[in-house]
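*Asks:*
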Amino acid sequence: MTDLVITRIFDAPRELVYRAFTDPDQLAAWFGPVGWSVPRDSVDIDLRVGGHQRFTMVNDADPDMRSPQNATFVEVIENELLVGEENVAHIPEFGADVLRLRIEFHDEEGGRTRLVLTQSPFPEAMAGDAREGWGSSFQKLDKILAG
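My numbering puts the sequence shown at residues 703 to 849.
(1) I think Glu787 touches Val776, with their Cβ atoms under 8 Å apart; what is that distance to the nearest whole Å?
(2) Jot down the residue ranges of each uninterrupted beta strand (DSSP E) in the segment 777-825, minimum 3 residues, whole runs only, in chain order.
(3) From the DSSP output, in three-state form, read off Pro726 for me.
(4) So what's Arg756 in DSSP terms, helix, strand or just coil?
(5) Could one say the Cβ of Lys842 lies closer than 9 Å to chain E's Cβ atoms, at least one of them?
(6) Give me the DSSP bridge partner(s) of Asp746.
(7) Identify whether Val740 lies in helix, strand or coil by the three-state DSSP scheme.
(8) Contact check, Ala773 vs His754 under 8 Å by CB: the rounded distance?
(9) What does the Cβ neighbour count give for Val719, buried or exposed, with the cut at 16 atoms within 10 Å?
(10) What three-state label does DSSP hand Val707 in the structure shown?
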């Protein structure tokens, strides 16, 4: 098991990047690697400690392939930090009961944002695909933030 850590600079202010993760319309517009989408009607966000973030990623080529996400927020600091936990006990490949996702939002020069994402514990065999998936998603987010 490992911690998957991804650091990424976005050419947008921290508040806008944070909103892209917490606003249902925006999340549906960018989340998921290329080839997957998130139907807006599947997104439900209750942004508070003890609240949740639920949505379903759907494969564009085969809509029967779905990946539901259901996380509970354990830390929320507006425009600074989101921490969620998801029960993954039903997915044997994870080898853990809970997957934690921590997303930090930091100011950078020029009105940009440094995002630090940590997912753990993460199976090393799956880390490469997950890193690639986040990178692909972030390319879609770049386009949303530029618009």
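Glycine included, every Cβ here is placed at the ideal spot set by N, Cα and C.
*Replies:* Reading off the structure:
(1) Locating residue 787 in the sequence shown gives position 85, where the first residue counts as 1. Locating residue 776 in the sequence shown gives position 74, where the first residue counts as 1. Indeed, because the Cβ distance is near 6 Å, the residues count as touching under 8 Å.
(2) 783-789, 800-810 and 814-824
(3) Position 24 of the sequence shown holds residue 726. Helix.
(4) Here residue 756 refers to the residue found at position 54 of the sequence shown. Residue state, collapsed to three classes: strand.
(5) Among the chains in the structure shown there is no chain E, since it carries only a single protein chain.
(6) For the purposes of this step, residue 746 is taken as residue 44 along the sequence shown, with counting starting at 1. Bridge partners of Asp746: Arg756.
(7) Here residue 740 refers to the residue found at position 38 of the sequence shown. If DSSP states are grouped into helix, strand and coil, Val740 belongs with coil.
(8) Position 71 of the sequence shown, counted from the start, is the residue given in the question as residue 773. Position 52 of the sequence shown, counted from the start, is the residue given in the question as residue 754. Between His754 and Ala773 the Cβ distance is about 7 Å, and since that is below 8 Å, they are a contact.
(9) The residue you call residue 719 lines up with position 17 of the sequence shown. Buried, because 16 or more other Cβ atoms sit within 10 Å of the Cβ of Val719.
(10) As a first step, residue 707 is located in the sequence shown; it is residue number 5 there, counting from the start. In the structure shown, Val707 sits in a strand (DSSP, three-state: E or B).
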